[in-house]
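Q:
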Amino acid sequence: MTPQDIDARDVVLQVSGLQKRYRQGHLAIERLSFDVRRGEFVTFVGPSGAGKTTLLKTICGLLEPTAGRVLLDGRLVTAPPPEMVLVFQDYARSLFPWLTVAANVSFPLRKKRLAAGEKTVLVDEALTAVGLAAFAGHYPWQLSGGMQQRVAIARAVAFRSEILLLDEPFASVDALTRADLEDLTLRLRAEFGITMLLVTHDIDEAVYLSDRVFVLSPPPARVVREIAVALPQPREQVRTRSDPTFLALRKQVHELIGKLSDPVTDVAEPAITNERTHAR
Amino acid sequence: MRPRRLLGIATILVLLGAWEISARAHPNVYVTPPSQIAVTFVHEWFSPQFAHDAVPSLARLAAGFALATLFGVTLGIAIGVWDPLYRTLDPILQVLRALPPTAVIPVGILLLGIGDSMKIAVIAFGAVWPILVNSVDGARSVTEDRLDTARNFGLSRFETVVSVTFPSALPQIFAGLRIGLALAFIMIIISEMVGSSNGLGYAILSAQRTFSIPEMYAGIALLAILGYGLNALFSLVEARVLAWHHGASAVTR
Amino acid sequence: MKRRLAAWAPPAAFVVAVTLAVEALARSGLLTRHVPPPSAIFVALWRELANGSLSSQIGVTLATWAVAFVTAVALAIVVGLLMGTIPLMYDALSTLVDLLRPVPSVSLIPLAVLFFGLGPQMRLVMIVYASFWPMLINTLYGVRSVDPLALDTARNFGLSRLDTLARVVLPASLAGIATGVRVSASLALAVTVTVELVVGDSGIGHYIAQAEQSNRIAPMYAAIVLSGLIGWLINAAFSQLEARVVFWSPASRRSAEAL
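Chains as they are written, first to last, in our numbering: chain A, 1 to 280; chain B, 1 to 253; chain C, 1 to 259.
Okay, here's the thing in structure tokens:
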């Protein structure tokens, strides 16, 4: 599947009126509605603390919404469905340090009642897809941060996840690794037809990767603007990022978010671009 | 060998030498020179005496400690993962583990007599609390991301406990097991001193009461070696089982 | 206040339920006579405390505990600071410490009896010896966790060795010392009761052994319950103290907890 094949009528995920209020009364997301098409790359960008993690956890059924609903292929999501897998920002805490890389990747497969041979094939294929075939016998903590995040992604690929929910997955790695991982997700989408939902506070990343960008407001999160990214495929780090369309879109999102975080009322979050340096 | 280690060994040799010389220079029935203890040790313990006293002690210890581990870890994980159970039992555990464990030995004697079952029971009772409390804490400190990962992949609650919570809690469980092992050793010695007709605790106390002083020293030496050896064996097992944990924490440090 | 009540309700209800169940079973004669009804234990506890036969033994136990515990703590802090700050001392003694620490202290009871008899002196020696080790290990752990940068700073400001010890090393080691104090306090009580039980001629442990031998079942249980409560109070008090001292580093609470 290539992004050009996306059928506007083939909606895989329908989110309507989604609201999440925590027990303490704090409202994290407020009345979010959007559709995602099969094979699409959709990004949510917004200031940190905007409830982006809560949004992903609510979509994949790890958190229960206080109002609204999520439909996956027309079915109501009430518990984590096997078609959606969340990739956490903190790979060190979602990978199991007592398992090897291969065992981490095959960890969720025990639920699939596969023959041992089939499992091995799935694991090998997923590790090859993320470029870690040579590291199957290593432990996650013996690998660099970027490689660990690849393991987490391979785990979702081996699980034959149809939708990947990426929660700032590249926030904890250096810039070069980050570019590698970005291109890896694009490749996996093309190769396996996986639908991608990414949340990030990195505007460049959002524009570079996505078919559509949703700009979120400061909490409680609402969709402020939906922006279609009319950049040619396949994307390529240097060429795409110097495309005038890219620059224009980037400027548009920047200005939107700049307006949203009013420097007087929002002292805690002075500027989006500073966030990276504070993140870790 | 590094010179620092040599200095440490030299200290021990000097102390042993001083003990030997002073014991020979001023003979005293209560103080046996180390060389004579060594001779008695070989004579006493490289003999059927070992099967008569040391083997029963070690067998009771193994049985009691195994029982404590089984109970402590399963019950501890159950309490740790199930909140109503935690809220009900945790304050009670805190009181029970503060009870000086040897105080229950008389109860054991009353209920079970002075046989092996009494000793195994009191060893298990003495060792179980740190194992239990550490298992509870370990199970409760599993990070949310790990639990979410398991739930995301559709693992049932039971599968999550077995394949995520339990391994996550292992480092803390081992900390509890180490303390539990030390307590089990104390319990076996005391229970054999108080109510027994064999075993190492019985052997050293009766040696003292019959003024067989070198035999008493040799018995204490055997207990010391066993205590040291068990601790070393435990460290070996821990290093193997928790290799992933030591590796991972060495990286983040 | 309301929250505290809610926290205590489930365990209290559980204890009451178990107590009532044991009471019913014991009264119905389904248990051996070696498990008396809890009410009989409480009556015995009250009677023995009121007539002084148990309360005097508590006094003996607590006095022994306090003297031995304070001695062990003082000794271990001095040795720990010396070993922690003078490398030569550390090199000379650490192997000895590694060798002696895993040796079960109670195996030395016959030796202590040989030299010091059955009286209070023997007990003091045993308790000091046993509770010295966790205190020493935790003090060492604390001293060796002192930031080398802090030591350099002190030297830079021209502090003397003693000043550095008092103003930099000791405060920085407090977390480890506080943990050691808590662990040693509990261990010292356990050893006190143990030694009294095995070879003592007084104290709560001796009382328990005597009650068992003379078949005074309910008083025996009463004394065990009481020793548990004392142990819990001591542990709670020193945990509070530790929390005050190391409020800045919760992680250090579980450091080096060894017997």
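Quick reminder that beta carbons are idealized off the backbone N, C-alpha and C, glycines included.
Residue 123/A and residue 152/A: beta carbons closer than 9 angstroms?
A: Cβ atoms of residue 123/A and residue 152/A: not closer than 9 angstroms.
Q: Give a yes or no on whether 9 angstroms exceeds the smallest Cβ distance from residue 159/B to chain A.
A: For residue 159/B, the answer is yes, since a Cβ of chain A falls inside 9 angstroms of its Cβ.
Q: Give a yes or no on whether the C-beta atoms belonging to residue 193/C and residue 203/C are separated by under 9 angstroms.
A: Cβ atoms of residue 193/C and residue 203/C: closer than 9 angstroms.
Q: Following the continuous beta strand (DSSP E) through residue 18/A, name the residue where it begins and the one where it ends.
A: Start and end: 11-21.
Q: Once the 5 residues before and after residue 59/A are set aside, which same chain residues still bring their CB inside 6 angstroms of it?
A: Excluding sequence neighbours, residue 59/A sits near 70.
Q: If distances are taken between C-alpha atoms only, which option among 125/A, 245/A and 79/A comes closest to residue 157/B?
A: Here the closest residue by C-alpha is 79/A.
Q: Taking the straight line between their C-alpha atoms, what separation do you get for residue 152/C and residue 143/C?
A: When rounded, the distance between both Cα atoms is 15 angstroms.
Q: Drop a sphere of 10 angstroms on the beta-carbon of residue 192/B, count the other beta-carbons inside from all chains shown, and report buried for 16 or more, exposed for fewer.
A: The residue in question, residue 192/B, is buried, as its Cβ has 16 or more Cβ neighbours within 10 Å.
Q: Answer yes or no: does any C-beta atom of chain B fall closer than 9 angstroms to that of residue 80/A?
A: So yes, residue 80/A belongs to the interface.
Q: Tell me the DSSP secondary structure of residue 152/B in three-state form.
A: Three-state result, residue 152/B: helix.
Q: For residue 54/C, which residues in the same chain have their Cβ closer than 8 angstroms to its Cβ, ignoring the five residues on either side in sequence?
A: Excluding sequence neighbours, residue 54/C sits near 45, 48, 204, 207, 219, 222, 223 and 226.
Q: Would you verify that the beta carbon of residue 122/B is, or is not, closer than 9 angstroms to some beta carbon of chain C?
A: With 9 angstroms as the cut-off, residue 122/B does not count as an interface residue toward chain C.
Q: Could you please give the first and the last residue of the uninterrupted beta strand (DSSP E) stretch that includes residue 244/C?
A: That residue, residue 244/C, is in no beta strand (DSSP E); its alpha helix (DSSP H) goes 217-245.
Q: In the DSSP assignment, what residue or residues form a beta bridge with residue 29/A?
A: BP columns for residue 29/A point to 20/A and 221/A.
Q: Which of helix, strand or coil does DSSP assign to residue 127/A?
A: Three-state DSSP puts residue 127/A in a helix.
Q: Does any residue of chain B bring its CB to less than 9 angstroms from the CB of residue 62/C?
A: Output row for residue 62/C: interface = no.
Q: Please return the same chain residues whose Cβ sits closer than 7 angstroms to the Cβ of residue 31/C, not counting the five positions on each side in sequence.
A: Once the five neighbours on either side are set aside, the close Cβ partners of residue 31/C are 25.
Q: Using a Cβ-Cβ distance cut-off of 9 angstroms, determine whether residue 229/C contacts chain B.
A: Chain B, which has a Cβ nearer than 9 angstroms to the Cβ of residue 229/C, makes this yes.
Q: If we define contact as Cβ-Cβ less than 9 angstroms, is residue 110/C a contact residue for chain B?
A: Judged by the 9 angstroms Cβ criterion, residue 110/C is in contact with chain B.
Q: Just checking my contact of residue 102/A with residue 136/A at CB under 8 angstroms: how many whole Å lie between their CB atoms?
A: Their Cβ separation, rounded to whole angstroms, is 4 angstroms, which keeps residue 102/A and residue 136/A in contact under 8 angstroms.
Q: Assign residue 10/A to one of two classes, buried (16 or more other C-beta atoms within 10 Å of its C-beta) or exposed (fewer than that).
A: So residue 10/A counts as exposed.
Q: Using a threshold of 9 angstroms, state whether the C-beta atoms of residue 151/B and residue 13/A are closer than that.
A: It is not a contact, given that the beta carbons lie outside the stated cut-off.
Q: Following the continuous beta strand (DSSP E) through residue 163/A, name the residue where it begins and the one where it ends.
A: Residue 163/A -> beta strand (DSSP E) spans 163-167.
Q: What number of angstroms, rounded off, separates the C-alpha of residue 150/A from the C-alpha of residue 226/A?
A: Between residue 150/A and residue 226/A, the C-alpha separation is close to 29 angstroms.
Q: Compute the Euclidean distance between the alpha carbons of residue 160/B and residue 12/B, then round it to the nearest angstrom.
A: Rounded to whole angstroms, residue 160/B to residue 12/B spans 50 angstroms at the Cα level.
Q: How long is the line joining the alpha carbons of residue 175/C and residue 131/C, rounded to whole angstroms?
A: Roughly 18 angstroms separates the two Cα atoms.
Q: Say whether chain B places a C-beta atom closer than 9 angstroms to the C-beta of residue 68/C.
A: No, its Cβ sits nowhere closer than 9 angstroms to a Cβ of chain B.
Q: Determine whether the beta carbon atoms of residue 118/C and residue 230/C lie at a separation below 9 angstroms.
A: Taking 9 angstroms as the Cβ cut-off, residue 118/C and residue 230/C do not qualify as a contacting pair.
Q: Please look up how many angstroms separate the CB atoms of residue 203/B and residue 53/B, rounded, as I've assumed it's under 8 angstroms.
A: Indeed, because the Cβ distance is near 5 angstroms, the residues count as touching under 8 angstroms.
Q: Answer with buried or exposed for residue 74/B, where buried requires no fewer than 16 other C-beta atoms within 10 angstroms of its C-beta.
A: Result: exposed.
Q: Considering only heavy atoms of the ligand SAM, does any lie closer than 8 angstroms to the CB of residue 152/B?
A: The ligand SAM is not among the ligands present in this structure, which contains no ligands whatsoever.
Q: Thinking C-beta only, is residue 28/A closer than 9 angstroms to residue 72/A?
A: No, Cβ-Cβ distance for residue 72/A and residue 28/A is not below 9 angstroms.
Q: Out of 140/A, 183/A, 169/A and 188/A, which has the shortest C-alpha to C-alpha gap to residue 240/A?
A: Minimum Cα distance to residue 240/A is reached at 183/A.
Q: Keeping to the same chain, check which residues put their C-beta closer than 6 angstroms to that of residue 19/B; ignore five residues upstream and five downstream.
A: 34, listed in sequence order.
Q: Tell me, please, whether the region 95-115 of chain A touches the region 195-213 of chain A by the rule of three or more beta-carbon pairs shorter than 8 angstroms.
A: Result no; under three Cβ-Cβ pairs closer than 8 angstroms.
Q: Could you tell me the boundaries of the beta strand (DSSP E) in which residue 67/A lies?
A: Its beta strand (DSSP E) spans residues 67-72.
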